[in-house]
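Engineer: Please find one structure pasted underneath; my questions will follow.
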Amino acid sequence: VFSLNDRLRIIQSTDCPSGWLYLALLHALTSHHLPDQYTEMTGMERAFQLLNSAGCWTDQPFDSLSLNILRQIAFISPKA
Numbered sequence: 001v002f003s004l005n006d007r008l009r010i011i012q013s014t015d016c017p018s019g020w021l022y023l024a025l026l027h028a029l030t031s032h033h034l035p036d037q038y039t040e041m042t043g044m045e046r047a048f049q050l051l052n053s054a055g056c057w058t059d060q061p062f063d064s065l066s067l068n069i070l071r072q073i074a075f076i077s078p079k080a
């Protein structure tokens, strides 16, 4: 489940960390070179911001759902 935070102009997850990871994946998949009108960021910028946020961090091992989302993010990421 996601919610709009009009004060910060971001979309937030109410679930963690798999919800935050999934939101990062959605932003990355729907990224465009022009910034989003609501967030004023591109999808990739927001995805990186989410992946570096506290919502994606945990002191426990990731569950299978979170690991699957991380694999999907790795799959769409550019390779060196």
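For the sequence shown, my numbering assigns the number 1 to the initial residue and increments by one for each residue that follows. C-beta: ideal position from N, C-alpha, C; glycine also. All values derive from a computational prediction rather than experimental measurement.
Which value, in whole angstroms, describes the spacing of the CA atoms of residue 23 and residue 37?
Structural biologist: Taking the first residue of the sequence shown as position 1, residue 23 is located at position 23. Taking the first residue of the sequence shown as position 1, residue 37 is located at position 37. When rounded, the distance between both Cα atoms is 17 Å.
Engineer: Residue range of the alpha helix (DSSP H) that residue 8 falls in?
Structural biologist: Translated into the one-based positions of the sequence shown, residue 8 becomes position 8. Taken as a continuous stretch (DSSP letters only), residue 8 belongs to no alpha helix (DSSP H), as it is neither H nor E.
Engineer: Which whole-angstrom value is the C-beta distance of residue 71 and residue 40, which I expect to be below 8 Å?
Structural biologist: On the sequence shown, residue 71 is found 71 positions in, with the first residue counted as 1. On the sequence shown, residue 40 is found 40 positions in, with the first residue counted as 1. Between residue 40 and residue 71 the Cβ distance is about 30 Å, and since that is not below 8 Å, they are no contact.
Engineer: Between residue 50 and residue 20, what straight-line distance do the alpha-carbon atoms span, to the nearest angstrom?
Structural biologist: In the sequence shown, the residue the question calls residue 50 occupies position 50. In the sequence shown, the residue the question calls residue 20 occupies position 20. Their Cα atoms are separated by approximately 7 Å.
Engineer: In the structure shown, what three-state DSSP assignment does residue 62 receive?
Structural biologist: Within the sequence shown, the letter at position 62 stands for residue 62. Looking at residue 62 - three-state DSSP - the assignment turns out to be coil, as it is neither helix nor strand.
Engineer: So the alpha helix (DSSP H) residue 44 belongs to, where does it begin and stop?
Structural biologist: In the sequence shown, counting from the first residue as 1, residue 44 sits at position 44. 43–51 is the span of the alpha helix (DSSP H), which, as asked, contains residue 44.
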